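Q: First the structure, then my questions, so here it is.
Protein chains in written order, with our numbering: chain V, 1 to 476; chain U, 1001 to 1462.
Below, the structure is given as structure tokens:
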């Protein structure tokens, strides 16, 4: 049924900026402190307290805007968003409204359906976070933790550009990559440092006007993005196919039941009464300060991916894997610079290196120079690929020079035909049935014998030489 | 004063004098607590401070570590701030003694101090009359001679208007001259801490101490510090403009007479006086009563009973808690302004009211710049249209009450410094004249005010 319908999604992403202190006071912005310990008169909204912008947060926000190709406005205005909620101690949130920091950006990403696609960034603005209401901590009571109150955020708003939940998720992962690359945020959804709300609507395929949208909230992890949006899309299609109409409302996603429910109308229908915050002069940025952030912007993933394809003759997919994380990309390039062949280095990094990193808290444990040496040993015939994997694991675990480690483990390849002949005789002697079959014409069994020789030599045999000795013996 | 025994005597003297005028209901701090604190402060104060031993009372909407900060409101009854306002901290650092908290209209909203949850303050010369407001308690303590100076705050004239009605000096500095950190916000773009003093000199001494850049207030500017005024030889070279819009037909003839005499004295001191026009003045009160309530509606949203201050019953859910706490905790004038402010900011009305008012505010500020650009140094106007009015007279007529700010709101809207100086008496009641200066040029304004103060027979009938 879904094919008759087109899904239209736009995302509003809140990203916590990586600063030591909060947006408008000196309190720590760190996650995980005891409740209500990172607070002061300013973030508690005590009578008489006033906000003072965090310079570092402003810089990171500008850098983010530049990284997303936005026009950064030399003058933007902080505004108050007024609403009552117990975890909002001032009764308003300081945000930006009519004059945001930045507009008109774009982010290209690899759509699973359409190849390279571009999301428009309509606006990027700075705001402070609210506190946290804990409804399940005490029976029948709501507890408030104001540690998060005043933590610096940017909100990144896209156009209605995504055509599937999968696409939306891919964009989000790309956004995360960019922001992590540029050191703007750690983008950890579980810690709440990246939060996403989605506007979802559907329309019959071929229609050009947008259907009525709903806003989906409470999507708490990357894994749920696709699920939540699919559930809402399917709900809307079912409503429309049943002859109903979609009501414009806010839907809350419940990951436990994988379902959405409308937010109680009492909780929404806000008139936020935005107006310029009189406590904060307009944010005026000099050309130099904007240019400075531009210079601090590293090469971003899309650029890097293109460069890797061109410079190292890698496939787009391989380049995408290698550039997904800035540290991995840098590591890969260091391996190549240390003398490893680009394609081989890519294979090593994408397999052994990333697997090892996964198991060891994302640490890249083998120095790039060591990996390049190891690759050199394989290329020179000193180590078999299999033996090299063992050396890699050993170096990762205990360190050391690959050649020394290989020698110590007795893994250096044996290229002495006399020694090889011994292993070959042993193998042929124990596999007489296979020898007969080979001689009757099943020559593809040769690889089986090579494998057995490698096994018998515990990986030390030079496989090419072993094959030659085998061919000779079997021919006789 | 530099001797600890003198400071102690000053502390005790202030406490004694404040007790004496207790019936005026100007000081909200219980006298026992006040006396004890003053003595402790006197022994802790730094003898090297420029205000060593000087008792300064502080309006109840300015945060102090000692004493409660209730803003004249039930909703903050018993509230104790965990910090000193920057202005208060500067006073302490200069050796001044914080002489209790003074009564005021709730959150500074009012012009008579009748809108205090703790009862009205009485005019020191006629207890049937109001002392003005909202900094009425501060004006009364100074006028009654209990303290030489007191901090007040202004949003639309709340220092100058009670200064005028009580016969003392009241200064509202340029917006951004004094840190607002610790001043409980009413209309943040208009609010400014000001000083009431028994003389220009006393008020200026206190102002120079509390002025200056504060990293805790983004709207507070780095400027050259103030000079303490000296009486000028003459006002030769000063050009003083008299804006005709401040002298309407219906102005109390006695107020006009007092102003005429002051203008004559300014001329005699050597100033060139010329009539000028500030054509958008007529819109000032309407503009003010959109912008100030709009900001107030947002600034006062934090008083919801959830985190501090008394909670009024309404425990069934959080909305009920808000409703009862805010309904019971705020007085009628605050509720009125919160409602007006919420309305003018609401979607569909924002453009018609708030945005238009901001445009008008810009025009009003431009009026002043135009006049100053044509060589005028200062403006002279009446501070208030009448002397002190009777208690209750305007309580049920908000517009009449608002019009008592008609000559003062413009300086707040334009962010300019202004001062009220006593210029005579009308049927025994004092009345003030106002000098409005250019932004951050308080020195010139204070110098002229000092000269006028010396020249004027303030105690005489106009």
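Glycine included, each C-beta is placed from N, C-alpha and C at the ideal position. Please read these numbers as outputs of a predicted model, since none were measured by experiment.
If you run the structure through DSSP and keep just helix, strand and coil, what is residue 1263 of chain U?
A: By one-based count along the second chain, residue 1263 of chain U stands at place 263. Of the three classes helix, strand and coil, the one that applies to residue 1263 of chain U here is helix, per DSSP.
Q: Among V:72, V:278, V:468 and V:442, which has the Cα closest to the Cα of residue 453 of chain V?
A: Here residue 453 of chain V corresponds to residue number 453 of the first chain, with the count starting at 1. Among V:72, V:278, V:468 and V:442, the Cα nearest to that of residue 453 of chain V belongs to V:468.
Q: Give me the Cα-Cα distance between residue 261 of chain V and residue 234 of chain V, rounded to the nearest whole angstrom.
A: Here residue 261 of chain V is taken as the residue at index 261 of the first chain, counted from 1. Here residue 234 of chain V is taken as the residue at index 234 of the first chain, counted from 1. Taking the straight line joining both Cα atoms gives about 13 Å.
Q: Under the rule that 16 or more other beta-carbon atoms within 10 Å means buried, what is residue 24 of chain V, buried or exposed?
A: In the first chain, residue 24 of chain V corresponds to position 24, counting from 1. With 16 or more other Cβ atoms within 10 Å, it is buried.
Q: Strictly under 8 Å for the Cβ-Cβ distance: is residue 1322 of chain U near chain V by that measure?
A: Residue 1322 of chain U sits at position 322 when you count from the first residue of the second chain. Yes - at least one Cβ of chain V is within 8 Å of the one on residue 1322 of chain U.
Q: Residue 1059 of chain U bridges to which residues according to DSSP?
A: Taking the first residue of the second chain as 1, we reach residue 1059 of chain U at position 59. The partner list for residue 1059 of chain U (beta bridge, DSSP) reads U:1102.
Q: Can you name, in chain order, every residue of its own chain whose Cβ lies under 7 Å from the Cβ of residue 1024 of chain U, other than the five neighbours on each side?
A: In the second chain, the residue the question calls residue 1024 of chain U occupies position 24. For residue 1024 of chain U, where only same-chain residues beyond five positions count, the Cβ hits under 7 Å are 1121, 1122, 1124, 1140 and 1144.
Q: Taking only beta-carbon positions, decide if residue 50 of chain V is within less than 8 Å of chain U.
A: Indexing the first chain from 1 puts residue 50 of chain V at position 50. Yes, residue 50 of chain V counts as interfacial toward chain U.
Q: Do we get a CB-CB distance below 8 Å when we pair residue 63 of chain V with the residues of chain U?
A: The sequence position of residue 63 of chain V within the first chain is 63, counting from 1. No, because no Cβ of chain U sits closer than 8 Å to the Cβ of residue 63 of chain V.
Q: Do residue 1281 of chain U and residue 1383 of chain U have their beta-carbon atoms positioned less than 8 Å apart in this structure?
A: Stepping through the second chain from its first residue, residue 1383 of chain U is reached at position 383. Stepping through the second chain from its first residue, residue 1281 of chain U is reached at position 281. Not closer than 8 Å, so no.
Q: Alpha carbon to alpha carbon, how far is residue 1408 of chain U from residue 1389 of chain U? Give it in angstroms, no decimals.
A: Indexing the second chain from 1 puts residue 1389 of chain U at position 389. Indexing the second chain from 1 puts residue 1408 of chain U at position 408. Approximately 17 Å between the Cα atoms of the pair.
Q: Which value, in whole angstroms, describes the spacing of the CA atoms of residue 247 of chain V and residue 1071 of chain U?
A: Here residue 247 of chain V refers to the residue found at position 247 when the first chain is read from its first residue. Here residue 1071 of chain U refers to the residue found at position 71 when the second chain is read from its first residue. About 46 Å.
Q: Does DSSP put residue 1350 of chain U in a helix, in a strand, or in coil?
A: If you number the second chain from 1, residue 1350 of chain U lands on position 350. Reduced to three states, the DSSP call for residue 1350 of chain U is coil.
Q: What residues from chain U crowd round residue 90 of chain V, counting only those whose CB sits closer than 9 Å?
A: Against the first chain, residue 90 of chain V aligns to sequence position 90. Those within 9 Å of residue 90 of chain V in chain U are 1298, 1299, 1301 and 1302.
Q: Ignoring anything shorter than 4 residues or poking outside the region 37 to 76 of chain V, list the alpha helix (DSSP H) runs there in chain order.
A: 55 to 67
Q: I want to know whether the region 187 to 206 of chain V touches the region 46 to 57 of chain V - three or more CB-CB distances under 8 Å.
A: no
Q: Under the rule that 16 or more other beta-carbon atoms within 10 Å means buried, what is residue 1192 of chain U, buried or exposed?
A: In the second chain, the residue the question calls residue 1192 of chain U occupies position 192. Counting Cβ neighbours within 10 Å, residue 1192 of chain U comes out buried, since at least 16 surround it.
Q: Which first and last residues belong to the beta strand (DSSP E) in which residue 448 of chain V is found?
A: If you number the first chain from 1, residue 448 of chain V lands on position 448. Residue 448 of chain V -> not in any beta strand (DSSP E); alpha helix (DSSP H) instead, spanning 446 to 456.
Q: Run the CB neighbour count on residue 418 of chain V, radius 10 Å, all protein chains shown included, and call it buried at 16 or more, exposed below.
A: For the purposes of this step, residue 418 of chain V is identified with residue 418 of the first chain, where counting begins at 1. It counts as exposed.
Q: Against chain U, with Cβ distances strictly below 8 Å, would residue 82 of chain V count as a contact?
A: Position 82 of the first chain, counted from the start, is the residue given in the question as residue 82 of chain V. Yes, residue 82 of chain V lies at the interface with chain U (some Cβ there is under 8 Å from its Cβ).
Q: Can you say whether residue 1235 of chain U is buried or exposed, counting buried as having 16 or more other CB atoms within 10 angstroms of its CB?
A: Locating residue 1235 of chain U in the second chain gives position 235, counting from the first residue. With 16 or more Cβ atoms within 10 Å of its Cβ, residue 1235 of chain U is classed as buried.
Q: Mind listing which residues of the region 270 to 283 of chain V have their C-beta closer than 9 Å to chain U's C-betas, in chain order?
A: 271, 272, 273, 274, 275, 276, 277, 278, 279, 280 and 281
Q: Listing by chain order, which chain V residues have their CB less than 7 Å from the CB of residue 1216 of chain U?
A: To locate residue 1216 of chain U, count along the second chain from 1; it is residue 216. Ordered by position in chain V, the residues that pass the 7 Å Cβ test against residue 1216 of chain U are 50 and 52.
Q: Flag this pair as yes or no: are the beta carbons of residue 1295 of chain U and residue 278 of chain V separated by less than 8 Å?
A: Numbered from 1 along the second chain, position 295 holds the residue referred to as residue 1295 of chain U. Numbered from 1 along the first chain, position 278 holds the residue referred to as residue 278 of chain V. Yes, the Cβ-Cβ distance between residue 1295 of chain U and residue 278 of chain V is below 8 Å.
Q: Three-state secondary structure (DSSP) at residue 194 of chain V?
A: For the purposes of this step, residue 194 of chain V is taken as the residue at position 194 of the first chain. Correct three-state label for residue 194 of chain V: strand.
Q: What residues in its chain sit with their C-beta under 7 Å from that of residue 421 of chain V, if we drop five residues either side in the sequence?
A: Here residue 421 of chain V is taken as the residue at index 421 of the first chain, counted from 1. Excluding sequence neighbours, residue 421 of chain V sits near 469.
Q: Could you give the uninterrupted runs of the beta strand (DSSP E) lying entirely in the region 1245 to 1305 of chain U, keeping only those of 3 residues or more?
A: 1272 to 1276
Q: List the residues of chain U that residue 45 of chain V touches, going by C-beta distances under 7 Å, in chain order.
A: Here residue 45 of chain V is taken as the residue at index 45 of the first chain, counted from 1. Within 7 Å Cβ-Cβ: 1302.
Q: So, for residue 1105 of chain U: in the same chain, excluding its five sequence neighbours on each side, which residues have a beta-carbon less than 8 Å away from its beta-carbon?
A: Numbered from its first residue, the second chain carries residue 1105 of chain U at position 105. Excluding positions up to five away in sequence, the list reads 1072, 1111, 1112, 1113, 1114, 1115, 1116, 1133, 1134, 1136, 1158 and 1333.
Q: Tell me the DSSP secondary structure of residue 125 of chain V in three-state form.
A: Residue mapping note: residue 125 of chain V aligns to position 125 of the first chain, counting from 1. Three-state result, residue 125 of chain V: strand.
Q: CB-CB under 8 Å to residue 1228 of chain U, same chain, minus the five flanking residues each way: which ones, in chain order?
A: Counted from its first residue, the second chain places residue 1228 of chain U at position 228. Within the same chain, residue 1228 of chain U has close Cβ partners 1201, 1204, 1205 and 1208.
Q: In whole angstroms, what is the alpha-carbon distance linking residue 1272 of chain U and residue 1011 of chain U?
A: As a working note, residue 1272 of chain U is residue 272 in the second chain. As a working note, residue 1011 of chain U is residue 11 in the second chain. C-alpha separation (whole angstroms): 44 Å.
Q: Determine the DSSP secondary structure at residue 1201 of chain U, reduced to helix, strand or coil.
A: If you number the second chain from 1, residue 1201 of chain U lands on position 201. DSSP places residue 1201 of chain U in helix when its eight states are reduced to three.
Q: Using a cut-off of 7 Å between C-beta atoms, extract the partners of residue 41 of chain V located in chain U.
A: Taking the first residue of the first chain as 1, we reach residue 41 of chain V at position 41. Simply 1082 and 1083.
Q: Can you tell me whether residue 1150 of chain U is helix, strand or coil according to DSSP?
A: Taking the first residue of the second chain as 1, we reach residue 1150 of chain U at position 150. It is a strand residue.
Q: Suppose you measure from the CA of residue 93 of chain V to the CA of residue 82 of chain V; what does that come to, to the nearest Å?
A: The residue given as residue 93 of chain V occupies position 93 in the first chain. The residue given as residue 82 of chain V occupies position 82 in the first chain. Cα-Cα distance, rounded: 6 Å.
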